[in-house]
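*Asks:*
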Amino acid sequence: MKEETEFQEIGKNTPYKVPDGFFEKISEKTLRKAKQREQNRRKMLITLRTFAVAASLSAIALLAYFMPGTEEPVIKQMVQNKQTEVKDTIRLTEAITKKITIAEIKKVAPVKTTYKETKPEEITDVLSEMSDDELLQLAAMYKSDLFIDESPQ
Amino acid sequence: MNEADEAHIFSMMKDPRLRDKGFLQLMDAYKEPIYSHIRRLVVSHEDAEDILQETFINVYRFADSFKGESRVFTWLYRIATNECTKHFRRNKKWINNAVKITGEMAGEVSGNDSDNSDLILFKFQSAILRLPEKQRIVFNLRYYDELSYEDIGQILNSSVNTLKTNYHYASEKIKQYLIEQA
Chain X
135 MKEETEFQEI GKNTPYKVPD GFFEKISEKT LRKAKQREQN RRKMLITLRT FAVAASLSAI
195 ALLAYFMPGT EEPVIKQMVQ NKQTEVKDTI RLTEAITKKI TIAEIKKVAP VKTTYKETKP
255 EEITDVLSEM SDDELLQLAA MYKSDLFIDE SPQ
Chain V
10 MNEADEAHIF SMMKDPRLRD KGFLQLMDAY KEPIYSHIRR LVVSHEDAED ILQETFINVY
70 RFADSFKGES RVFTWLYRIA TNECTKHFRR NKKWINNAVK ITGEMAGEVS GNDSDNSDLI
130 LFKFQSAILR LPEKQRIVFN LRYYDELSYE DIGQILNSSV NTLKTNYHYA SEKIKQYLIE
190 QA
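Protein chains in written order, with this note's numbering: chain X, 135 to 287; chain V, 10 to 191.
#1: Mind listing the chain X neighbours of residue 145 of chain V? Cutoff is C-beta to C-beta under 9 angstroms, in chain order.
#2: Measuring only the C-alpha atoms, how far is residue 262 of chain X from residue 175 of chain X?
#3: In or out: residue 153 of chain X buried (at least 16 other Cβ within 10 Å) or exposed?
#4: What number of angstroms, rounded off, separates the C-alpha of residue 211 of chain X from the C-alpha of residue 218 of chain X?
#5: Let me confirm a value: residue 258 of chain X is counted as buried when at least 16 other C-beta atoms fall within 10 Å, else exposed. Which label applies?
#6: Quick one: is residue 56 of chain V buried, meaning 16 or more other Cβ sit within 10 Å of its Cβ, or exposed?
#7: Is the Cβ-Cβ distance between residue 223 of chain X and residue 187 of chain X less than 7 angstroms?
#8: So, does the CB of residue 194 of chain X fall closer than 7 angstroms to a CB anywhere in chain V?
#9: Would residue 89 of chain V pass as a contact of residue 146 of chain V if the rule is Cβ separation under 7 angstroms?
#10: Kindly indicate which three-state DSSP category residue 144 of chain X falls into: helix, strand or coil?
#11: On the DSSP letters alone, give me the boundaries of the alpha helix (DSSP H) that residue 278 of chain X sits inside.
#12: Taking residue 1 of chain V as the query, report the chain X residues whose CB atoms sit under 8 angstroms from its CB, ordered along the chain.
#13: Following the continuous alpha helix (DSSP H) through residue 181 of chain V, name the residue where it begins and the one where it ends.
#14: Ignore the nearest five residues each way along the sequence and tell me which others in residue 46 of chain V's own chain have a CB closer than 8 angstroms to its CB.
#15: If you count every other CB in all the chains shown that lies within 10 Å of the CB of residue 188 of chain V, and 16 or more means buried, which is it?
#16: What in chain X is Cβ-close to residue 133 of chain V, meaning under 8 angstroms?
#17: To the nearest angstrom, report how far apart residue 163 of chain X and residue 214 of chain X are at their CA atoms.
#18: Are the Cβ atoms of residue 107 of chain V and residue 138 of chain V separated by less than 7 angstroms?
#19: Chain X beta carbons: is any one of them nearer than 7 angstroms to that of residue 165 of chain V?
#20: Just confirm the distance between the C-beta atoms of residue 196 of chain X and residue 220 of chain X, as a whole number of angstroms; I'd bet it's less than 8 angstroms.
#21: Looking at C-alpha atoms only, which residue of V:93, V:168 and V:76 is the closest neighbour of residue 142 of chain V?
#22: Using 7 angstroms as the threshold, is the C-beta distance between residue 22 of chain V and residue 28 of chain V below it?
#23: Return the residue from the list V:51, V:132 and V:61 that minimises the CA-CA distance to residue 101 of chain V.
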C-alpha cells in the first residue's frame, strides 16, 4: 500500500486539545524567559572569571612561597599584577550588574591589563565605589591571604 | 515562510537592536507546527509547553551559530526533537504517563455523545505511543508533518533508506495494533 493512501479513514487530526489563548501568550513569555536566561548566564560567566583570577592569584602566591631561591621583588610584582587583575574583574562585574552596554563595559574593563604600580589614592577610589557586602568579601579575602603584603609601600 | 523571509529574520536576530523583534517573528511563524510535533511526541500539554519554550530559548541563544546550510524549519525541528529525546531520557516513566493521559482522554470521549471517529483517533495515538522511539519520531514527522525523507534525514541525522524502513515497520505495527483492538 502506498504511504499517501495509508490511514486515510483516520486522517491527520490528533485528539489533543490546546488550552485557549495558549499561542497568543507563549511568544512573549518565551522571549522574557530567554532574556532572563541570557542575563543569568552572563553573570555566571563574570563570577567564574572572578573566581578563576582569585584562584590563580592564590596559586601563584603558593607557588612562589614554596619555590626555593625565588627573589622577593619578583613575587611582589606577580602578586601586585594579579591584584590589579582582580580589581579590573570586580569593576567589570559592577558594570554588568548596573546593566550598562557592551561598549561601556569595554571602556571600563581594558582588554589588556596593564601592570603598573597602583597608587594608594586609586585603591581608595575603587573601595569607595564598592558596596558593604563587596568590601566585606574583599576584606575577608585579604585577611585569609597570607601573601598579600600589608605593610606601607 | 520562504527562504528569503527566513534569511531576513535571521539577519534581524543577529542585529542586537532587532534581535527580539526577529525572535518574535520567527516564533510566531513556527510555534504551532513545532508545538504540535512536540505534543504528539510527549502527549502532556505541560511538558510540550516546557519543551517548546526550551526549543526557542536555544534558538535565541544560538541564532548566531545558524549558518543557513539547512532550512530553518529543519533546524527548529531538530532542536525540538533533541529536547524531546532529552525529556524521554530524564523521565523514564514518561511513556506510562502519556499512555495514561491518552487513556483518560479516550475514556472521557467514550462517556460523551461524541462520534466514533474521536475514539479511533485515540486508538491511533495509543498505537503510535507503543512504537519504539525512533520509529515513533519518524512516523510522526512523515505522517503528520508530511516532511520529505530528505528533511527528516537532516533532522535525525539518518539516511533516507533507514528512515523508509523505520516508517514501514511503524505503519505495519500500527495496523496490527488497530486490527487487534477492533
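Just so you know, even glycine gets a beta-carbon here, dropped at the ideal spot from N, CA and C. Computed from a predicted structure; not experimentally measured.
*Replies:* Straight from the coordinates:
#1: As a position in the second sequence, residue 145 of chain V is number 136, starting the count at 1. In chain order: nothing, as chain X lies at least about 13 angstroms away.
#2: Your numbering for residue 262 of chain X matches position 128 in the first sequence. Your numbering for residue 175 of chain X matches position 41 in the first sequence. The alpha-carbon atoms of residue 262 of chain X and residue 175 of chain X are separated by roughly 28 angstroms.
#3: For this step, residue 153 of chain X is matched to residue 19 along the first sequence. Answer is exposed; the Cβ neighbour count stays below 16.
#4: Sequence index remark: in the first sequence, residue 211 of chain X carries index 77 (1-based). Sequence index remark: in the first sequence, residue 218 of chain X carries index 84 (1-based). Straight-line Cα distance between these residues: approximately 11 angstroms.
#5: The count along the first sequence starts at 1 and reaches residue 258 of chain X at position 124. Under this definition residue 258 of chain X is an exposed residue.
#6: What you label residue 56 of chain V is simply residue 47 of the second sequence in a count that begins at 1. That one is buried.
#7: Looking up residue 223 of chain X in the first sequence gives position 89. Looking up residue 187 of chain X in the first sequence gives position 53. Yes, Cβ-Cβ distance for residue 223 of chain X and residue 187 of chain X is below 7 angstroms.
#8: By one-based count along the first sequence, residue 194 of chain X stands at place 60. It does not; no Cβ of chain V falls within 7 angstroms.
#9: Stepping through the second sequence from its first residue, residue 89 of chain V is reached at position 80. Stepping through the second sequence from its first residue, residue 146 of chain V is reached at position 137. No.
#10: Counted from its first residue, the first sequence places residue 144 of chain X at position 10. It is coil, neither helix nor strand.
#11: Taking the first residue of the first sequence as 1, we reach residue 278 of chain X at position 144. 266-278 is the span of the alpha helix (DSSP H), which, as asked, contains residue 278 of chain X.
#12: The structure shown does not extend to residue 1 of chain V, since chain V is modelled only from 10 through 191, so no value can be given for it.
#13: Translated into positions along the second sequence, residue 181 of chain V becomes position 172. Residue 181 of chain V -> alpha helix (DSSP H) spans 169-190.
#14: As a position in the second sequence, residue 46 of chain V is number 37, starting the count at 1. Cβ within range, chain order: 86, 89, 90, 149, 150, 153 and 154.
#15: As a working note, residue 188 of chain V is residue 179 in the second sequence. Burial call: exposed.
#16: Sequence index remark: in the second sequence, residue 133 of chain V carries index 124 (1-based). Under the 8 angstroms cutoff, chain X gives 141 and 144.
#17: Taking the first sequence and counting its residues from 1, the one referred to as residue 163 of chain X is at position 29. Taking the first sequence and counting its residues from 1, the one referred to as residue 214 of chain X is at position 80. Distance between the alpha carbons of residue 163 of chain X and residue 214 of chain X is about 47 angstroms.
#18: Taking the second sequence and counting its residues from 1, one reaches residue 107 of chain V at position 98. Taking the second sequence and counting its residues from 1, one reaches residue 138 of chain V at position 129. Yes. Within cutoff.
#19: Position 156 of the second sequence, counted from the first residue, corresponds to residue 165 of chain V. By this cut-off, residue 165 of chain V is not an interface position.
#20: The sequence position of residue 196 of chain X within the first sequence is 62, counting from 1. The sequence position of residue 220 of chain X within the first sequence is 86, counting from 1. Residue 196 of chain X to residue 220 of chain X, Cβ: 16 angstroms. No contact.
#21: Position 133 of the second sequence holds residue 142 of chain V. The candidate whose alpha carbon is nearest that of residue 142 of chain V is V:93.
#22: Along the second sequence, read from residue 1 onward, the residue named residue 22 of chain V stands at position 13. Along the second sequence, read from residue 1 onward, the residue named residue 28 of chain V stands at position 19. Yes; because the gap between Cβ atoms is below 7 angstroms, this pair is in contact.
#23: Numbered from 1 along the second sequence, position 92 holds the residue referred to as residue 101 of chain V. Out of V:51, V:132 and V:61, V:51 has the C-alpha closest to the C-alpha of residue 101 of chain V.
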